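> So that we are looking at the same thing, I have put the structure below in structure tokens.
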Amino acid sequence: MFIDEVTVEVYGGKGGNGMASYRREKYVEFGGPWGGNGGRGGSVIFVGEEGEQTLINLQYRRHIKADKGVSGLSKGQHGANANNVYVKVPLGTIVYNADKTIKIGEITRHQQELVVAKGGKGGRGNMAFATHRNPAPDFAENGDPGEYFKISVELKVLADVGMIGYPSVGKSTLLSVVSNSKPKIAAYPFTTLQPNLGMVYVGEEQFVLADLPGLIEDAHQGHGLGIRFLKHIERCRLFLHVVDLTVDDPYETYQKINHELEMYDEALLDRPQIVVCNKIDMPGAKEAFEALQKKIDKPMVSISAIQKTKLNELLYLTVEQLKLAPKMIEEDVEEQKVYTFVDDSKEKAFEINIEDGVYVLTGSKIELLFSRTDFSREDGIKRFARQLRTLGVDQALRDKGCKHHDIVRILKYEFEFIE
Ligand SMILES: Nc1nc2c(ncn2[C@@H]2O[C@H](COP(=O)(O)OP(=O)(O)OP(=O)(O)O)[C@@H](O)[C@H]2O)c(=O)[nH]1
Ligand SMILES: [Mg+2]
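Counting from 1430, one number per residue, gives the positions in the sequence shown under the numbering used here.
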């Protein structure tokens, strides 16, 4: 099955909690703090894999979760970091947010990595908080939550060269004789139901050739298999426009395919094409080719895919034209960008809204500090209170009219405001 669009949920692992513990030695009644840090939560990472051709892996794994980091231990030992979860995806995989308004990243190279959900940082143990003024802090930090996203993943086949043309013109046959790919070939139309990729070696050069399902008239409106696959040719730098010389009017089929490209996306018409006139072994094909040459002003070759005639000429021409063709993907993909979802409500450190008399505090910064806090310990709570004050939360609450004993909510938890 060929899957090129799927929605998945990805969960980075939570960071391990820090430990609050003390050294106890024979002659030291109450030693210093000795709690270690928690380990980092695992991340979910997509990895480009040349051999993958579809997103089928993701289709069956709608929820991808990385493990939690291990909590910090006594004796100053750090908890172990969790393993990352690596998911192999084909080259040409694009990751968007759920409603596809933001592109998060794209995999274009073998072994390229894209972090789709980062694991949370481990919390610090009480050893890390010891200061001169507070040599024995009685609290530790909780690990940060891992990132969670619902993402849309789309595959747009990444081939240098894409074959276009009517059904049964011989596209799959051509792919099978110039590459190691073994697509299905048959004498009936719509034999090819999904893109097939093959690596083609020409002297020192190589390129990826994509065989796509045949197009027919009105493909852009959903006729035949067209529309579902037209997007896969968007990123080919060069088209081999395969024409069957044995049909009644090869020129008309040539024009119709170009018209379909234009209707789908005008820019596709500017993409360089080599017109590959196939089935030259058949009677009358030579004459048809000569007639076509008079009408088409593009690089052309006549071949027989079945008899392997003039394939070398075609391949060398393809390599030559590829060198002239513009690059599709910006060069700067080399440096991996780290994207985070931009959510305006989370830009500020915090925000206060009043709901049914409750002061509701939101904001990524404040929620993070909250989740780091170990509320089972007095010192942990005190520290959180200090952090809020430093952020200006207390004053902001007062400004909003919050008074002694009023209720303040962060996430699911409620507190009393004490002056
Ligand atoms: N005589 C002759 N027949 C050919 C040649 N190339 C392909 N064919 C035949 O044409 C028919 C269709 O070939 P395919 O390669 O499946 O055509 P396609 O363009 O991939 O077709 P779709 O997948 O339906 O779009 C098969 O019966 C092939 O054997 C050729 O050079 N000469
Ligand atoms: Mg085919």
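Note that CB positions come from ideal geometry on N, CA and C, so glycine has one too.
Computed from a predicted structure; not experimentally measured.
Assess, as a yes-or-no matter, whether the region 1728-1737 is touched by the region 1706-1715 under the definition of 3 or more beta carbon pairs within less than 8 Å.
Segments in contact, yes.
> To the nearest angstrom, how far is the alpha carbon of Ser1597 from that of Ala1616?
Counted from its first residue, the sequence shown places residue 1597 at position 168. Counted from its first residue, the sequence shown places residue 1616 at position 187. Those two C-alpha atoms are separated by around 7 Å.
> Return the CA-CA distance between Gly1445 and Ala1557, expressed in angstroms with no decimal places.
Taking the first residue of the sequence shown as position 1, residue 1445 is located at position 16. Taking the first residue of the sequence shown as position 1, residue 1557 is located at position 128. Answer to the nearest angstrom: the Cα atoms are 15 Å apart.
> Excluding five sequence neighbours on each side, which residues of the same chain lie with their C-beta closer than 6 Å to the C-beta of Arg1838?
In the sequence shown, the residue the question calls residue 1838 occupies position 409. These residues qualify, in order along the chain: Val1787, Val1789.
> Measure from the alpha carbon of Val1704 to the alpha carbon of each residue in Glu1695, Glu1633, Lys1723, then state which is nearest.
Position 275 of the sequence shown, counted from the first residue, corresponds to residue 1704. Ranking the options by Cα distance to Val1704, first place goes to Lys1723.
> Please tell me whether Ile1836 has its Cβ less than 8 Å away from any Cβ of chain C.
Absent here is chain C; the protein component of the structure consists of one chain.
> Rounded to whole angstroms, what is the Cα-Cα separation between Leu1502 and Asp1808?
Within the sequence shown, numbered from 1, the residue matching residue 1502 stands at position 73. Within the sequence shown, numbered from 1, the residue matching residue 1808 stands at position 379. If I take the Cα positions, the gap works out to 19 Å.
> What does the Cβ neighbour count give for Ile1847, buried or exposed, with the cut at 16 atoms within 10 Å?
Walking along the sequence shown from the start, residue 1847 turns up at place 418. Flag for Ile1847 reads exposed.
> Tell me the rounded alpha-carbon separation between Arg1806 and Pro1462.
Here residue 1806 is taken as the residue at index 377 of the sequence shown, counted from 1. Here residue 1462 is taken as the residue at index 33 of the sequence shown, counted from 1. Roughly 15 Å between the two C-alpha positions.
> Can you check DSSP and say which residues form a bridge with Asn1707?
By 1-based counting over the sequence shown, the position of residue 1707 is 278. DSSP output for Asn1707 lists Asp1673 as bridge partner(s).
> If we count the other Cβ atoms within 10 Å of its Cβ and call it buried at 16 or more, is Lys1829 buried or exposed?
Locating residue 1829 in the sequence shown gives position 400, counting from the first residue. Under this definition Lys1829 is an exposed residue.
> How many angstroms separate the CA atom of His1507 from the CA atom of Ala1569?
Sequence index remark: in the sequence shown, residue 1507 carries index 78 (1-based). Sequence index remark: in the sequence shown, residue 1569 carries index 140 (1-based). In a straight line, the C-alpha of His1507 is about 13 Å away from that of Ala1569.
> Have a look at Tyr1577 and Ile1531 and give me their C-alpha separation to the nearest angstrom.
Residue 1577 sits at position 148 when you count from the first residue of the sequence shown. Residue 1531 sits at position 102 when you count from the first residue of the sequence shown. About 16 Å.
> What I want to know is whether the C-beta of Lys1708 ends up closer than 7 Å to one or more non-hydrogen atoms of ligand 2.
Here residue 1708 refers to the residue found at position 279 of the sequence shown. False, no ligand heavy atom lies under 7 Å from that Cβ.
> Below 6 Å CB to CB, which residues in the same chain sit around Thr1436 once its five sequence neighbours on both sides are set aside?
For the purposes of this step, residue 1436 is taken as the residue at position 7 of the sequence shown. The residues are Ser1581.
> Which partner residues does Ile1531 have in the DSSP bridge list?
As a position in the sequence shown, residue 1531 is number 102, starting the count at 1. Answer is none; Ile1531 lacks a bridge partner.
> Is there at least one non-hydrogen atom of ligand 2 closer than 7 Å to the beta-carbon of Ser1610?
Here residue 1610 refers to the residue found at position 181 when the sequence shown is read from its first residue. Checking the Cβ of Ser1610 against ligand 2 gives no.
> With a threshold of 6 Å on Cβ separation, who are the neighbours of Phe1799 within its own chain once the five nearest residues in sequence on each side are excluded?
Within the sequence shown, numbered from 1, the residue matching residue 1799 stands at position 370. The answer, listed in chain order, is Ile1839.
> In three-state DSSP terms, what is Glu1663?
Numbered from 1 along the sequence shown, position 234 holds the residue referred to as residue 1663. Glu1663 falls in the coil class under three-state DSSP.
> Between the C-alpha atoms of Gly1599 and Leu1740, what's the straight-line distance to the nearest angstrom?
Start at 1 with the first residue of the sequence shown, and residue 1599 comes out as number 170. Start at 1 with the first residue of the sequence shown, and residue 1740 comes out as number 311. Approximately 13 Å, taken between the alpha carbons.
> Give me whichever residues DSSP pairs with Leu1798 in a beta bridge.
Within the sequence shown, residue 1798 is the residue found at index 369, counting from 1. Answer is none; Leu1798 lacks a bridge partner.
> So does Ile1662 have its beta carbon nearer than 7 Å to some heavy atom of ligand 1?
Numbered from 1 along the sequence shown, position 233 holds the residue referred to as residue 1662. Answer for Ile1662: no, Cβ out of range of ligand 1.
> Run through DSSP, which three-state label would Leu1790 get?
By one-based count along the sequence shown, residue 1790 stands at place 361. In this structure, Leu1790 counts as strand in the three-state DSSP scheme.
> According to DSSP, is Asp1640 part of a helix, a strand, or is it coil?
Taking the first residue of the sequence shown as 1, we reach residue 1640 at position 211. Strand.
> Applying the 10 Å Cβ sphere with the 16-neighbour rule, what's the burial state of Phe1804?
Counting from one through the sequence shown, the residue named residue 1804 turns up at place 375. When all chains shown are included, Phe1804 counts as exposed.
> Quickly, what does DSSP pair Ile1485 with across the bridge? List them, please.
Position 56 of the sequence shown holds residue 1485. Bridge partners of Ile1485: none, in fact.
> Reducing DSSP to helix, strand and coil, say where Gln1635 ends up.
As a first step, residue 1635 must be located in the sequence shown, where it is residue number 206. Strand, per DSSP.
> For His1670, does the count of other Cβ atoms within 10 angstroms reach 16, so buried, or fall short, so exposed?
In the sequence shown, residue 1670 corresponds to position 241, counting from 1. So His1670 ends up on the buried side.
> Please classify Ile1783 as buried or exposed, where buried requires at least 16 neighbouring CB atoms within 10 angstroms.
For this step, residue 1783 is matched to residue 354 along the sequence shown. Classification for Ile1783: exposed.
> Is Asn1609 buried or exposed, if buried means 16 or more other CB atoms sit within 10 Å of its CB?
Within the sequence shown, the letter at position 180 stands for residue 1609. By the 10 Å Cβ count, Asn1609 comes out exposed.
> Please report the straight-line C-alpha distance between Pro1701 and Thr1620, rounded to a whole angstrom.
What you label residue 1701 is simply residue 272 of the sequence shown in a count that begins at 1. What you label residue 1620 is simply residue 191 of the sequence shown in a count that begins at 1. Computed Cα separation, rounded: 26 Å.
> Please classify Gln1635: is it buried, with 16 or more other beta-carbons within 10 angstroms of its beta-carbon, or exposed?
As a working note, residue 1635 is residue 206 in the sequence shown. So Gln1635 counts as exposed.
> Can you tell me whether Asp1772 is buried or exposed? The criterion is at least 16 other CB atoms within 10 Å of its CB, across all chains shown.
Position 343 of the sequence shown, counting from 1, holds the residue named residue 1772. Only weak support exists for where Asp1772 lies, its pLDDT of 46 falling under 50; the coordinates are left without a value.
> Can you tell me whether DSSP reads Gln1623 as helix, strand or coil?
Taking the first residue of the sequence shown as position 1, residue 1623 is located at position 194. Gln1623: coil per DSSP, three-state reduction.
> What number of angstroms, rounded off, separates the C-alpha of Asp1673 from the C-alpha of Leu1487?
As a working note, residue 1673 is residue 244 in the sequence shown. As a working note, residue 1487 is residue 58 in the sequence shown. Going by the C-alpha atoms only, they are around 38 Å apart.
> Counting along the chain, where does the beta strand (DSSP E) carrying Gly1809 start and finish?
The count along the sequence shown starts at 1 and reaches residue 1809 at position 380. Careful: Gly1809 lies outside any beta strand (DSSP E), inside the alpha helix (DSSP H) at 1807-1820.
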